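Scroll down for the structure; my scribbles are underneath it.
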Amino acid sequence: MATYRDNPYGAYNFLVSLDGDDAGTARAGFTRVTGLDLRVELIRYRNGNDRSQTSRLIPGLAPNPVVALSRGIIGDLDLYTWVRTVADGQAQSRNVRIDLLSEDRSVVAQSWLLRRALPTALDGPDLNAQSSEVAIETLVLVAEGIEIQ
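Start counting the sequence shown at 21; every next residue gets the next number (this note's numbering).
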């Protein structure tokens, strides 16, 4: 799925779809995505009789990715309902797909798929009567895995 070119893509055209939702709708119109990280923990191991003073590195567990999706508040309560359902003990994981688009939005440059993501927080906006900023909410997800396509 990834589309190669010599110049890097801009980070400002992307779509987010939550388990089959139409990514083109305003409900999925996120302004920021952070945490698209793939990591592997390393285990340091050394025998007492090793001749080297350094440890061996052994691959360990891969921590679950924590991804934050931010959007302007538009009066849609779907994200709140999802978080509330999970908080009430009904785990409803979703696959979440983030597509980075070319500048003219005609090509999907690269995609990230969050497998079986669950919400852990829905952070409300900072409200300030002396500010002219947009009210932003942030959904924090923890996924069982991340795939780059």
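Backbone N, C-alpha and C define an ideal beta-carbon position, used for all residues, glycine too. Small disclaimer: the values here were computed from a predicted structure and weren't measured.
Exercise for review: State buried or exposed for A31, treating a residue as buried only when at least 16 other CB atoms are found within 10 Å of its CB.
Suggested key: In the assembly as shown, A31 is an exposed residue. Its beta-carbon has fewer than 16 other beta-carbons within 10 Å.
**Study point:** DSSP bridge partner residues for E153 (one or two, in chain order)
**Key:** Under DSSP, no beta-bridge partner is assigned to E153.
**Study point:** Assigned secondary structure, T140 (DSSP; H/G/I helix, E/B strand, else coil)
**Key:** Assigned with DSSP and collapsed to three states, T140 falls in strand.
Check your understanding: So R117 packs on L138, CB below 8 Å; how close in whole Å?
Key -> No, R117 and L138 are not in contact; Cβ-Cβ is about 16 Å, not under 8 Å.
Check your understanding: Rounded to a whole number of angstroms, what is the C-alpha to C-alpha distance between D119 and G68?
Key -> Put simply, the backbone Cα of D119 is about 49 Å away from that of G68.
Practice item. Could you spell out where the beta strand (DSSP E) holding T54 opens and where it closes? Key: Where T54 is concerned, the enclosing beta strand (DSSP E) starts and stops at R52 to T54.
Check your understanding: Leaving out the 5 sequence neighbours to the left and right, which residues in its chain are closer than 6 Å to A88 when beta-carbon positions are compared?
Key -> Cβ-Cβ distances below 6 Å link A88 to T54, G55, T158 and V160 in the same chain, with the five nearest sequence neighbours on each side left out; the list follows chain order.
Exercise for review: Report buried or exposed for V154, applying the criterion of at least 16 other Cβ atoms within 10 angstroms of its Cβ.
Suggested key: Burial call: exposed.
Review point. Between Q110 and the rest of its own chain, which residues show a CB-CB distance below 7 Å, the 5 nearest in sequence each way excluded?
Key: Closer than 7 Å at the Cβ level, and outside the excluded window around Q110, lies no residue.
Check your understanding: Under a three-way DSSP split, which group does A31 fall into?
Key -> In the structure shown, the three-state DSSP call for A31 is coil.
**Study point:** Closest residue to D96 among V106, G49 and E123 (Cα-Cα distance)
**Key:** If we check each option's Cα against that of D96, G49 comes out closest.
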